[in-house]
Each structure stands twice: as C-alpha cells, then as structure tokens.
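Asks:
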Ligand code: SF4
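Chains as they are written, first to last, in the numbering used here: chain E, 176 to 617; chain Y, 382 to 650; chain A, 1384 to 1556.
#1: Just to check, is the beta-carbon of residue 292 of chain E closer than 6 Å to a non-hydrogen atom of the ligand SF4?
#2: Confirm the yes/no value for this check: CB of residue 563 of chain Y, any heavy atom of the ligand SF4, distance under 6 Å.
#3: Three-state secondary structure (DSSP) at residue 355 of chain E?
#4: Rounding to the nearest angstrom, what Cα-Cα distance links residue 538 of chain Y and residue 612 of chain E in this structure?
#5: When Cβ atoms are compared, which residues of the stretch 372 to 389 of chain E fall closer than 7 Å to chain Y?
#6: Consider the C-beta atom of residue 533 of chain Y and the heavy atoms of the ligand SF4; say whether any pair is separated by less than 6 Å.
#7: Determine which residues of the stretch 496 to 513 of chain E have a Cβ less than 9 Å from any Cβ of chain A, and write them out in chain order.
#8: Quick one: list the residues of chain A neighbouring residue 537 of chain Y, beta-carbon separation under 8 Å, in chain order.
#9: Please compile the residues from chain Y whose C-beta is within a distance smaller than 9 Å of the C-beta of residue 273 of chain E.
#10: Rounded to whole angstroms, what's the CA-CA distance from residue 382 of chain E to residue 320 of chain E? Just pull it up for me.
#11: Given a threshold of 16 other Cβ atoms within 10 Å of its Cβ, counted over all protein chains shown, does residue 1405 of chain A qualify as buried or as exposed?
#12: 7 Å is my cut-off, CB to CB: does residue 479 of chain Y come that close to chain E?
#13: So, with DSSP's three-state summary, where would you put residue 1514 of chain A?
#14: Say the cut is 6 Å; is the CB of residue 273 of chain E nearer than that to a heavy atom of the ligand SF4?
#15: Taking all protein chains shown into account, do 16 or more other C-beta atoms lie within 10 angstroms of the C-beta of residue 452 of chain Y, making it buried, or fewer, making it exposed?
#16: What does residue 1470 of chain A touch in chain E if you count any residue whose Cβ is under 7 Å from its own?
#17: For residue 137 of chain E, tell me which candidate among E/482, E/556, E/387, E/374 has the shortest Cα-Cα distance.
#18: Roughly how many whole angstroms lie between the Cα atoms of residue 1526 of chain A and residue 266 of chain E?
#19: Along chain E, in chain order, which residues have C-beta atoms closer than 8 Å to that of residue 474 of chain Y?
#20: Let me know the secondary structure DSSP gives residue 1385 of chain A once reduced to three states.
#21: Would you list the one or two residues that DSSP bridges to residue 265 of chain E?
#22: Applying the 10 Å Cβ sphere with the 16-neighbour rule, what's the burial state of residue 226 of chain E?
#23: Using the Cα positions of residue 429 of chain Y and residue 418 of chain Y, report the straight-line distance between them to the nearest angstrom.
#24: Quick check on DSSP: helix, strand or coil for residue 382 of chain E?
#25: Quick one, are the C-beta atoms of residue 588 of chain E and residue 488 of chain E less than 7 Å apart?
#26: How big is the Cα-Cα spacing for residue 238 of chain E and residue 450 of chain Y?
#27: Using only the alpha-carbon positions, how far apart do residue 563 of chain Y and residue 373 of chain E sit?
#28: Check the Cβ of residue 1530 of chain A against every Cβ in chain Y and list those closer than 8 Å, keeping chain order.
#29: Name, in chain order, the residues that DSSP records as bridge partners for residue 1478 of chain A.
#30: Start and end of the alpha helix (DSSP H) containing residue 552 of chain E?
#31: Should residue 1423 of chain A be labelled buried (16 or more other beta-carbon atoms within 10 Å of its own) or exposed?
#32: Out of E/252, E/522, E/573, state which residue places its alpha-carbon closest to the alpha-carbon of residue 541 of chain E.
#33: The ligand SF4 and residue 558 of chain E: does the residue's C-beta get closer than 6 Å to at least one heavy atom of that ligand?
#34: If you draw a straight line from the alpha carbon of residue 1518 of chain A to that of residue 1500 of chain A, how long is it in whole angstroms?
#35: Compare the C-beta of residue 523 of chain E with all C-beta atoms of chain Y and state if any pair is closer than 7 Å.
#36: Would you tell me roughly how many angstroms separate the C-alpha atoms of residue 424 of chain Y and residue 433 of chain Y, rounded to the nearest one?
Below you can see the structure in the form of structure tokens.
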C-alpha cells in the first residue's frame, strides 16, 4: 500500500485534486475492509487473533461498466465474502453527457430536446419539469386542454417506463418471456407517441406554455382502446410472475431497507412508497390538474423487492385510470397559451397581422426572454421526485439548468439494501431499484 | 441437396445470394416434385447421361470456399449486449416480437465480447467510456464489425461539448453509421442488413461512388478545380460494360477492387 | 410553502439563534422562499432547520451548485429543504468566492447529500470539508478543470457542412 487515503477528502491546496493518480485509484479500488486487513498484515497481527478469520477472505469483484444486468453503464465495485456482499460502491459517470452545460448555450426552446435526453425512459417528465419551471419564471397559465394532454402523455410515459423496467428486470431474473410481453405494450405506447408527435422517443411534445400540437383525430379512440385493455395485460404479467416460485424467492424479504433510512438517503418514488409512506407529489402537491382525477397511491408494507414490484404494477392500473379520466374529460380549447411573447402565433395570422409576424420573427430568431429569478420545480417521475432548477439572468438563454434526478439519489440506497445479502440478490435489487443511467450521469 | 435459396423461397434483401449462385428456382409444385424424384433417383444411382447432367446443373452449386464462408458468416452476426444510452432502448426492441431481428440471423445477443461479432454503439460515448469501449472492442475476436447507432456515436449529435467524444470513429473503425436520434428499430435492422452486404464481399457502395458524385451543392460536379475530373457518362458506360461482358457478374469486381464493381441492377439489393 | 411573512419569521428565528450576520438576505420570488445564509454558519442553520421543534425540514430534496458569473461571490450552493407533512419547501442558499471555495459538508445531517456534494465538487470545484469520500463522480478521475463553471469552455467541435467545403476540399475522404 502506498500512501494514505485522504481522510477528509482532498486538502485545500492550489490543486484540490493534487493527490497522485495512482493513489486515488487505490483509494477507489481498496475498500476499507481490505485496507483493514492489509494494515493488520502490515503490523504483523496474526490472522487467527483478529476478528477476520482466514475463511473470510475478501474478494473484490468489479461489475460493469459493461454488464448486461446493470441496465446501462453502471459500475459496481463489490467486496464479497464468499457469496455475501460486504460492501458495494457504485461508480457512475460513464455516460456523462454534459447536458447541463450544453443547456446554458441554448435558448429556452432549444433546451427542451436536450433535457429530454437525460432520463431517457421518462422523457416526457424531463420536458414537463423544465417547461413548468420556465412557466413559473414567466408566470404564465397553461390552458386546461394542454394540462390534460400533458397528463395523458406523462402517464403514458410512466407506463412506458414501467414496461421497460418490468421487461428488463424480469429478464435479469431469468423470465425472458416477460421481455417480449412488455415490449409489445411498450410499442403500443410508442405508437401513440408517434401519432401525436411523429417520433417514438424524445418527442419534444411538451412546449413552454402548453404542448406543441393538438392530438390528431383518432388519437383519443386509440388511447382509450389501449388503456382499457392494459389492465388485463397487467393482470397477465402479475399471473405469470406471482405464481413463479423462483421469482418469489428472489423477491420476498430481499433488499429491505427501513423507511427512516430511505428518507435520510433522500429516496423517493416507488422505493419509498414500498415501505408504506404514501409520498407522491401528484397527490401531495398536485400540478397540471392532477387534482381533477380520482386515483390512489399504492403503498407497500415491508419495503422488500416484492413490495417494490407490486407497487409499480399497481401504479400501472392507476395510470390507466388517470389516462382514461383525462381522455374523457378532455375539453375543447387551445392547447398552448395565447401569450404571443411565449408561443408562436398560428400560421394563418402571419398572413394578416403585422404584429404576429414581428412576434414570430422575434421568437424564432431570439427566443423567449425570461425575467431574472430562480425556480426549483419538482414533479413525480416514475422513479421519484424529479426537480428542475432553472436560473434565469433575464437573457434568452438560461443561466443554469439542473435536474434533481431521482435515479442519481436513489442509487445511494443500493449499498444499504444489499450489504449482507447474496450477490445474486444484488442483481435483483438493482433491477428493482430501476436506475436509468442517463438520468444518473446526465 | 437443396441450396439454401431454395429453402428460403424468394430472394429478399436479407437472403440474396451472391451472384455466383445462379440457380433456377422451381416455379410450380409439379416442377419441385419432379426435381425431388430426380434427386431420389440420383441417390439410388439410377441417373445417367443427360439426366445426370441436368441434375448437376440444377442442384449443384460451385463456389469458392471463401465466398460460401462469407455468406454463412454474414447471416449469423452475433451482436453484443451493449447499451450506452437512449438508443439502447431501440436496440433492445429489435429483438422484440414486432421487429424480430431473428429473421436476419442477429437475434443472439452475446454478453461476452469473446462470443460477439458485432458491437452496436447504441448511444453517446463519453470521454470516460471511450477507453472502456476500445478495450471491449480489442477483446472481440476477428472478424468483428462495428455499427454506430444514432447521431451521438456517429458524430456527437446534439451534444457538442466537453464530455462527449465527437464521433466513435475517432477511436474505432466504424463499418455502418445508422442515422437518427434515436433511429427507429427498422433503421437499425437496415443497418444490419447493410453490414451483411458488406460482409458478403459486395460492399454496398457509398452514395458518392454509386452516383459517381463529386463535389457538393456549392461545388457542382465538373467545375474546374473539383477534386476529381471524371466524366459521369463515361464512368457509367464503363461500369455497364464491365457488368455486361460477364466479368463483373459474379460480383468480384476487377482486381478485387470494390470501386470497380458493376452498378447494381434494378431490383438487386 | 412558507409565505413571505413566514420566511421573515424563519429568518428572524435564525438571526436570534446564530447572530445577526447569519442571515445574509431573504427572497420570496414566484412563491418560492429562499433564505441566504453565511457560509460559515450553514451547517448549524441546516441542523437547526432540520430539528426544529415545530415545523422542521427533515428532508433534503436537492443540493446543487450554480455559477453566477458576473456577480461578486461567484458560486452559489442551494439546499432544497422539504417538510413532507405540510409539503413545505425552503431553499437555503450560500454564496462562495471562486478562489478556493470551501464549505462544511452536510453529509452528517443529510446522508443523501453525499453524491450531490461530490457532483458539486466535480462540476464547480467546491471543497466540502468533512465529506467522507470527496472524489470526482461524473468526470474521469484525472480530469482537470471544473466544467460547469461558466468560464470553462463548452468544448465540442466545429461541424463541417458542405458550404465549408471549398475551404478544405476533399475533407470527406
Ligand atoms: S442519438 Fe439521440 S437517442 Fe441516441 S443516444 Fe444520442 S441522444 Fe440518445
């Protein structure tokens, strides 16, 4: 061992990262337990005398960044004692894209497509959080129809995200047919997205002040057909998995973490609800007309993997309920605000109105000017509280855009969940944690 | 002894055979039955003379080992399970029931680089990930291919910033770029088929070669000082001649140079 | 949300507890309450807010940094506190100078801050003293510079379109 691990982080010198590269690498790869052993060896304490008997030899196993079970490019540095996980350290940053930096270089409109690419399974949520934050800075109201359309699309996106989660995590647990069933439903959702926006993923449908376009004729019928048949599909999924003894054994009582600890770690979303805490921003602080709809917040009891899985399945039913109510209550009216400083004027006005032409020109060339201020706006994404922090300096480009990504913060709970469990349960727990690496690394 | 093309029916984009396999297809069930009977007779040793000649003409294909190998290899490309970002979702859906890449022989995703032939770079490549990808690529066994899926891994996409490698061909030889953000699963399957053509030794020519294109909108073909002074008509005529005198019909080109390949006929590929 | 009056009450309470210079200022903007505190007292302020007798803020929703480039103390760090019972949010903000920014870590109080403080260190170069494991988290270990600072260049590459072609003929080959 060369060098001590910096105890309080890098010391305050000219270069806070002045510690040698090799030593820093060692400080990652050598876990405290290993260091303890190495120190004991160094001081000549015989193995038999110590608490660590010879058979408890530790093995450091590197999982990832390219590993199919990490749902992306997550790297887990695990310390194993036999098959039992003693310590796990997530190392992230392998898809760090610099989106937050890029956003500072774009006008407010052009940020939307970038920000959708953060959490790529819940892209509507990113756009919604950002647009609502900017709307808050601007102080504008969104028309009712736009709010309903936003709810419809975000809830469809929640179904999409949960389908992706169910398919891939069942695949991790060996249930390969779930993958095909779930991707069939996912494709149905994507068909709806394609209908309303023309793209399957990263649709840029939600716009500052409303939505980019009204839904085409036939969308409502197709969406109704989908949400009416979806509950029976979820029943099928539940039947397939709930009667599977292997699946149950890998889920029940595995990866438990207490509610208090989860709250300390900042965990939100289905992980927190699985422990019985009904914290859901759609109910607690309704945004975008969520208080118009009648739905319930499913909670679990013990907070093990099985509860996480059941909570997400129950959320699918609730999402279907919300979408159905929103589709039936969809009122006629504008789908974007008529504030001409924010939204493009309709095409036909351009031919007749000089003012509309000027607004159009200003919006397209320069973009929106947002009054100075800073806003943090949280919404409920499929993984928990997704907050968008926007700082405006009064120009047409945001001064700072930051996303409080639920997957980034939930990932800290992984080591609490799996320490002392088997390594196979690590994979199951990670699957039930549902991290999206694009959201973690941004 | 059926040739593979007889088994798989009409030649489609996925199972076109190299031009050397000039096999007449049985048109009717009766013809097919007649051939079956001939084959039975052949096996019994009853066939001789003109009948034997006819049988050989119908059922025996001569080719080089290398070409047969390339044909087989192109239809069993095993991609690696390797998802980087958003594009990985669309990469996963090519195996799903709707798209079913198994029709083209690439459904067996391998988790180990040692077993994979193809690495699909599905997403953005950050500077932290690039060395990892290079190492994974180095671990793959020859022959190996790379598809850059999506705008990000092809060129950096929308992310022109400090963290993203601006195009994966900075550190890897990329065979096929699939455009889109994300590309539809169909587009990725199209990319895989393009790769199959490439593997079969008939590289689908790039558009500049195919249309004998030089220059660009601002720099029209034929203007003085253009990079190449080539006569378009002459070039096409030359290639047609190559195709018609038979030397190009087996797709081998002249001197093995891909640029000298004949123009693809209508309906081909 | 505490309204404007509630925010002043909180500020008054903090002033009474930690001295007049503990609170630098308050702002109530777009229904969001923000109290700016002195960097040296932020941990004590957070601890106090976390464990207040009535109406505590025990949940740290988010911790992030920001670079207000032209303004004088350039860097800012925001702690988004939340009371889940009353769905009440309060932003605590500190401003730091860009030369050797240093602040106490709040991981002891809020374990959820661990990754987020590492991210702020990675992106803005703020050293959190007392953090158990302060390393870069998103960028490679040996990366130099703090990318989210506004004077850090965006990077990237010039895209060559066909209209740049006469300047560099044959670039596509
Ligand atoms: S090309 Fe688009 S969809 Fe693909 S990884 Fe890049 S941003 Fe994501």
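C-beta: ideal position from N, C-alpha, C; glycine also. Here the structure is a predicted model, which is why all the values come from computation and not from measurement.
Replies: Looking at the atomic coordinates:
#1: yes
#2: yes
#3: helix
#4: 18 Å
#5: Within the stretch 372 to 389 of chain E, 375, 376, 377 place their CB atoms closer than 7 Å to a CB of chain Y, listed in sequence order.
#6: yes
#7: none
#8: Within chain A, the residues near residue 537 of chain Y are 1539, 1540.
#9: 507, 540, 542, 543, 544, 545
#10: 13 Å
#11: buried
#12: yes
#13: coil
#14: Closer than 6 Å to some heavy atom of the ligand SF4: that does not describe the Cβ of residue 273 of chain E.
#15: buried
#16: 459, 460
#17: It is not possible to answer for residue 137 of chain E, since the shown part of chain E is limited to 176 through 617.
#18: Cα to Cα, the separation comes out at about 16 Å.
#19: 358, 361, 362
#20: coil
#21: E/251
#22: Low per-residue confidence applies at residue 226 of chain E: pLDDT is 47, beneath 50, and the placement is therefore not dependable enough to give any value.
#23: 14 Å
#24: strand
#25: The criterion of a C-beta distance shorter than 7 Å is not satisfied by residue 588 of chain E and residue 488 of chain E.
#26: 36 Å
#27: 13 Å
#28: Simply 543, 544.
#29: A/1459
#30: Careful: residue 552 of chain E lies outside any alpha helix (DSSP H), inside the beta strand (DSSP E) at 548 to 556.
#31: exposed
#32: E/573
#33: no
#34: 10 Å
#35: no
#36: 11 Å
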